[in-house]
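**Q** Here it is, the structure, as structure tokens.
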Amino acid sequence: MQIRLVQGDITEQHVDAVVNAANSSLLGGGGVDGAIHRKGGPDILRECRALRASSLRDGLPTGQAVATTAGRLPASWVIHTVGPVYSAGEERSPLLASCYRESLRLAAELAAETIAFPAVSAGAYGWPLSDAARVAVQAVQESSITLSEVRFVLFDGPTHAAFARAVTEHG
Ligand code: AR6
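Under the working numbering, the first residue of the sequence shown is numbered 274, with each subsequent residue one higher.
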């Protein structure tokens, strides 16, 4: 499986599935979530609301993933996952690894060949960059799912550099 690092905007990626760093409400927010809903248009939110009214009445639990179509984005699917909020006192990296694992599993179910991930939990949820990058890269490497390309789309230089180090050290 090819792992690629790109510095840029996840909403501009031509891949089969883009991953949204959502919250459990699935009703939108800032960061990646805000950008995906803004650029993807209202169909994505409509599908999220339908999920909340049916199978996800209590919201999407942390570490899990669910798919909608991608509206106006140049992708077929948005895979929404909920990263854990960082805690210095509690080991939550298994939940962060689960976001990547479950997203890959769902992508394979949807017959996606290419997927783009943001740095889940590394923004509003406060995860230290080097740790977020290590968990992400290891989770993808250790997954039994193999797609043709996993692209990490990192918004800024420091996040891109942290992922580059993680690939060198753990890839
Ligand atoms: N493309 C790629 N990366 C981006 C983009 C973009 N367009 N915009 C931001 N990033 P965050 P989280 C980077 O906060 O930490 C939302 O309100 C950002 O610089 O989007 O998982 C949700 O609704 C950072 O490196 O996600 C939740 O409430 C990374 O993406 C909460 O934030 C993740 O930052 C989730 O927080």
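Glycine included, each C-beta is placed from N, C-alpha and C at the ideal position.
Quick check on the burial criterion: 16 or more other C-beta atoms within 10 angstroms. Buried or exposed for Ala-439?
**A** As a first step, residue 439 is located in the sequence shown; it is residue number 166 there, counting from the start. Per the 10 Å Cβ criterion, buried.
**Q** State the DSSP-derived secondary structure class of Glu-422, mapped to helix, strand or coil.
**A** Position 149 of the sequence shown, counting from 1, holds the residue named residue 422. Note: Glu-422 maps to strand in three-state DSSP.
**Q** Using a threshold of 8 Å, state whether the C-beta atoms of Leu-333 and Ser-297 are closer than that.
**A** Counted from its first residue, the sequence shown places residue 333 at position 60. Counted from its first residue, the sequence shown places residue 297 at position 24. Yes, the pair counts as a contact, with Cβ atoms nearer than the cut-off.
**Q** Locate the beta strand (DSSP E) running through Thr-342, then write down its first and last residues.
**A** The sequence position of residue 342 within the sequence shown is 69, counting from 1. Run containing Thr-342: 338-342, per the beta strand (DSSP E) assignment.
**Q** For a minimum of 3 consecutive residues, which ranges assigned as the beta strand (DSSP E) are wholly contained in the segment 322-380?
**A** You should have 338-342 and 350-355.
**Q** Report whether the distance from the Cβ of Ala-361 to the nearest heavy atom of the ligand AR6 is below 7 Å.
**A** What you label residue 361 is simply residue 88 of the sequence shown in a count that begins at 1. Checking every heavy atom of the ligand AR6 against the Cβ of Ala-361, none is found closer than 7 Å.
**Q** Since Val-351 contacts Val-291 with CB under 8 Å, what's their CB separation in whole angstroms?
**A** For the purposes of this step, residue 351 is taken as residue 78 along the sequence shown, with counting starting at 1. For the purposes of this step, residue 291 is taken as residue 18 along the sequence shown, with counting starting at 1. About 6 Å; that satisfies the 8 Å criterion.
**Q** Are the Cβ atoms of Thr-432 and Leu-402 separated by less than 8 Å?
**A** For the purposes of this step, residue 432 is taken as residue 159 along the sequence shown, with counting starting at 1. For the purposes of this step, residue 402 is taken as residue 129 along the sequence shown, with counting starting at 1. Their beta carbons are under 8 Å apart, which means Thr-432 touches Leu-402 by this criterion.
**Q** Report the option in Pro-367, Ala-435, Pro-391 and Leu-368 whose CA atom is closest to the CA atom of Asp-306.
**A** To locate residue 306, count along the sequence shown from 1; it is residue 33. Ranking Pro-367, Ala-435, Pro-391 and Leu-368 by Cα distance to Asp-306 puts Pro-391 first.
**Q** So if DSSP puts Gln-275 in a beta bridge, which residue, or which two residues, is it bridged to?
**A** The residue you call residue 275 lines up with position 2 of the sequence shown. Gln-275 is bridged to Glu-422.
**Q** Taking 7 Å as the cut-off, is the C-beta of Gly-304 nearer than that to any heavy atom in the ligand AR6?
**A** On the sequence shown, residue 304 is found 31 positions in, with the first residue counted as 1. Answer for Gly-304: yes, Cβ within range of the ligand AR6.
**Q** Considering just the uninterrupted stretch of the alpha helix (DSSP H) at Phe-390, what are its terminal residues?
**A** As a first step, residue 390 must be located in the sequence shown, where it is residue number 117. Run containing Phe-390: none in the alpha helix (DSSP H); it sits in the beta strand (DSSP E), 387-390.
**Q** Across the segment 407-427 and the segment 311-329, are there enough close Cβ pairs to call them in contact, namely three or more that are closer than 8 Å?
**A** They do not touch, by the three-pair rule.
**Q** Verify the contact flag: Val-288, CB atom, against every heavy atom of the ligand AR6, threshold strictly below 7 Å.
**A** The residue you call residue 288 lines up with position 15 of the sequence shown. Checking every heavy atom of the ligand AR6 against the Cβ of Val-288, none is found closer than 7 Å.
**Q** Using a threshold of 8 Å, state whether the C-beta atoms of Ala-294 and Gly-336 are closer than that.
**A** Locating residue 294 in the sequence shown gives position 21, where the first residue counts as 1. Locating residue 336 in the sequence shown gives position 63, where the first residue counts as 1. No.
**Q** Is the segment 274-283 touching the segment 367-374, taking contact as three or more C-beta pairs under 8 Å?
**A** Touching, no.
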